[in-house]
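A.B. asks:
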Amino acid sequence: MTVRTRIAPSPTGDPHLGTAYVALFNYCFARRHGGQFILRIEDTDQERSNRRSEEMILESLRWLGLHWDEGPDVGGPHGPYRQSERAPIYREHVALLLEAGHAFRCFCTPERLEALRQQQRAQNLPLGYDGHCLAIPVDEAERRAAAGEPFVVRMKVPRSGECVVHDCLRGDIVFDYAQVDMQVLLKADGLPTYHLANVVDDHLMGITHIIRGEEWIPSAPKHLLLYSYFGWTAPELCHLPLLRNPDRSKLSKRKNPTSLRFFQRMGYLPEAMLNFLGLMAWSMPDGEEKFTLEEMVRNFDLQRISLGGPVFDMTKLSWLNGRWIRENLDVEEFARRVQAWALNRDYLMAIAPLTQQRVERLSDLGPLTAFFFSGLLDPTPESLVAGKLDAAQIRSAFDAMLARIDAMTVWNRDTVEAELRGVADELGLKLRDMLKPLYVAITGRPAGVPLFDAMAILGKDISRARIRQAREALEAA
Ligand code: GLU
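The working numbering puts the first residue of the sequence shown at 3, with every later residue one more than the last.
1) On the DSSP letters alone, give me the boundaries of the alpha helix (DSSP H) that cysteine 165 sits inside.
2) Output yes or no for whether 7 Å exceeds the beta carbon distance between threonine 4 and asparagine 28.
3) Would the segment 95–104 count as touching the segment 180–200 if we require 3 or more Cβ pairs under 8 Å?
4) Just the C-alpha distance for alanine 274 and leucine 262, rounded to the nearest angstrom, thanks.
5) So, isoleucine 353 versus methionine 403, is the Cβ gap smaller than 7 Å?
6) Measure the beta-carbon distance from threonine 260 to leucine 271 and round it to whole angstroms, keeping in mind my assumption that it falls under 8 Å.
7) Any heavy atom of ligand 1 closer than 6 Å to the CB of proline 237?
8) What is the C-beta distance between alanine 88 and proline 82, in whole angstroms, given that I count them as a contact (C-beta under 8 Å)?
9) Does the Cβ-Cβ distance between aspartate 71 and phenylalanine 31 come in under 7 Å?
10) Helix, strand or coil for alanine 25, going by three-state DSSP, please let me know.
11) Is the CB-CB distance between valine 159 and proline 248 below 7 Å?
12) What are the complete beta strand (DSSP E) segments, minimum 3 residues, inside the segment 45–123?
13) Say yes only if the C-beta of arginine 84 is nearer than 6 Å to one or more non-hydrogen atoms of ligand 1, and no if none qualify.
14) How would you label tryptophan 284, buried or exposed, when you count the other beta carbons within 10 angstroms and need 16 or more for buried?
15) Nearer than 6 Å: is that true of the beta carbon of proline 11 relative to any heavy atom of ligand 1?
16) Less than 7 Å separating the beta-carbons of aspartate 463 and phenylalanine 264?
17) Are leucine 239 and aspartate 169 close, meaning C-beta to C-beta below 7 Å?
18) Looking only at DSSP bridge pairs, what is glutamine 38 linked to?
19) Quick check: the Cα distance between arginine 50 and cysteine 135, rounded to an integer number of angstroms?
20) Reducing DSSP to helix, strand and coil, say where aspartate 191 ends up.
21) So what does DSSP say about arginine 161, is it helix, strand or coil?
22) List the endpoints of the continuous beta strand (DSSP E) containing valine 176.
23) I think glutamine 85 touches aspartate 203, with their Cβ atoms under 8 Å apart; what is that distance to the nearest whole Å?
24) Quick one: Cα of alanine 393 to Cα of alanine 344, how far?
25) CB of glutamate 49 to nearest heavy atom of ligand 1: below 6 Å?
26) Going by the DSSP bridge assignment, what does glutamate 238 pair with across the sheet?
27) Got a sec: does ligand 1 put a non-hydrogen atom nearer than 6 Å to the Cβ of glutamate 87?
28) Are there any heavy atoms of ligand 3 lying less than 6 Å away from the beta-carbon of glutamate 72, as far as the coordinates show?
29) With DSSP as the reference, please indicate the residues paired to aspartate 134 in a beta bridge.
30) Is glutamine 185 buried or exposed, if buried means 16 or more other CB atoms sit within 10 Å of its CB?
31) For serine 221, which three-state DSSP category applies?
32) Report the CB separation of leucine 386 from alanine 443 in whole angstroms; it is logged as a contact under 8 Å.
33) Since leucine 242 and glycine 215 should fall inside the 8 Å C-beta cutoff, what is the C-beta to C-beta distance between them, to a whole number of angstroms?
34) Using the C-alpha atoms, what's the distance from methionine 157 back to alanine 456?
35) How big is the Cα-Cα spacing for glutamate 297 and leucine 118?
36) When DSSP labels each residue in this structure, what does isoleucine 307 get in the three-state scheme?
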C-alpha cells in the first residue's frame, strides 16, 4: 500500500499556523513511507471561502517548503483538487445514499429547526435533528423535491448502539449513536457539507491516513458511518493535539498572531518554523531540539507523537530562530535571506514613493523607515496618549479597529482608509484625533510617512499585531 496523506484547508481567512502544523505531520508521514502528500482545497462554504485566502495558504506552505505531490496548482490524477469544482461528484454520491436508504430528504424550514433548538435548549437536551422528515415516504419526498420544494439531504444515524472510533494515537474512542446528529450532507443550494465532501474525496483520492487536529474527533463517527454506507474501507485516523496559547487556551487569532504571514514578515526562517511546529507534538529519538525537515522525515514515527497540549510560545520560537540564524546560515546566505525578507526591490519600490519627497539626504531614510523593517515596536502608554483622546477612548478605538481588520479580506490603502473612517464614525471620534495614537502604534513615532499607505505596505498581520500590542500597553494606563 502506498501511503497517501493530505492537508485539506478551508480558504476562509489568513493562512493559519495550525494548517502548517498539521501539514507538516502529514508531509513527514508520507515522505517517511515513500508515499504522497496531497493538497485539497475545501471551499464548499461559498460565503466564507475566497480565492485570495487560497492563494495565501498555498504561498505560505510553499514558503515553508512543504511541497505537495498533487493539488489545485500542480494537478494530479485525482483532480479537481478544489471541492467547489467537484459538485457533480458529490451529487452522484448523495444519490447513491438516497437510493440505498442511508440518507433522506429533509424539508424542515429554518423556523422549525430554530424552534426545535430552542425547545431542546430549554429542556437541556442535546441539540440535534429530531428525525421529523424520516417519516415522509420516499415517493412523497421525491414528488415534493421534483415540485421544487427546498430540501436538504441528511444522513441516517442509528438511534441506539455505539460507534467505536479507532484513533492511532488514542486507541478506541466510543460514542453513543444517540449523541450523533443526523448530519446534513447536501445543502439546499445543492452543495455538499464538509462531512460529505471530505469523506467522498478522501476515498476517491486514495487517502490512506487522515492526520488532522483533534477538533475533528466528534465528526469521526459520522464519517465512519458514511464510509460504511458507501461500502468503503475508512482510512486510518490520527488526531493531533491542538496548539495552545501560553495560558493553555486554544490558539486563537484574538489573543496572538496565528497567521503564517505574520511570522514570515517578522523574519522567522521557514526552517525554524517547521522545527518549532515539529516540536509541538513530536520529538527526535535522541531528544535533540533543533532538527531539519529532512531529519524529521528520516526519524518520523507516529508513535512518537505526544498528546499533551502543546504550547506555542513565541519566546521559545524566537530563541530557536536565533539559533537557526546563527548556526545554520553562512554570511552569504544570511544576506540573501535578509534581502528576500525586506531588502528586495518590490518592498523598496513600495516604500520609495512615500519617502522621496520627505528626505534631504538619503541617510534620513534610516529613521524615517525603520518601522518598515521592524517587528513589534513596544510603544509606551505616554506616547500613545499624547493627543486629544484619553486612554479609554483609544482602547475602544483600537478594539474597534482590530475587529474590523480581522474581517478584512482586501488590504490596500483605500480599504484601510475606509475601515478606519468607519471606526471613527462608529465611535463618534474625529478621524484626526483617532489617527494620532494609531500613528504611534503603527510607526512608533508621532509623524512621518502617510499612515494608510504605511499600513497597506506593512500588511494586515504586522499592522494588527502592532495595534494589539499598543492596546495592551494601554491596559494599565
Ligand atoms: N477543511 C477542514 C479544515 O479546515 C479539514 C479537516 C480535515 O482534515 O478533515 O480543517
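Ideal Cβ positions, reconstructed from N, Cα and C, are used throughout, including at glycine. No experiment lies behind these values; they were computed from the predicted model shown.
C.D. replies: Reading from the atomic positions:
1) Per DSSP, cysteine 165 belongs to no alpha helix (DSSP H); it is in the beta strand (DSSP E), 164–169.
2) no
3) yes
4) 13 Å
5) no
6) With a Cβ gap of about 18 Å, threonine 260 and leucine 271 do not count as contacting.
7) no
8) It is worth fixing the name first, because residue 88 is arginine in this sequence and not alanine. With a Cβ gap of about 6 Å, arginine 88 and proline 82 count as contacting.
9) no
10) helix
11) no
12) 105–108
13) no
14) buried
15) yes
16) yes
17) yes
18) Arg6
19) 29 Å
20) coil
21) coil
22) 173–178
23) 7 Å
24) 33 Å
25) no
26) His211
27) no
28) By its list of ligands, the structure shown excludes ligand 3, since it contains just ligand 1.
29) The amino acid occupying residue 134 in the given sequence is histidine; aspartate does not appear at that position. DSSP lists no partner for histidine 134.
30) buried
31) helix
32) 7 Å
33) 6 Å
34) 51 Å
35) 54 Å
36) coil
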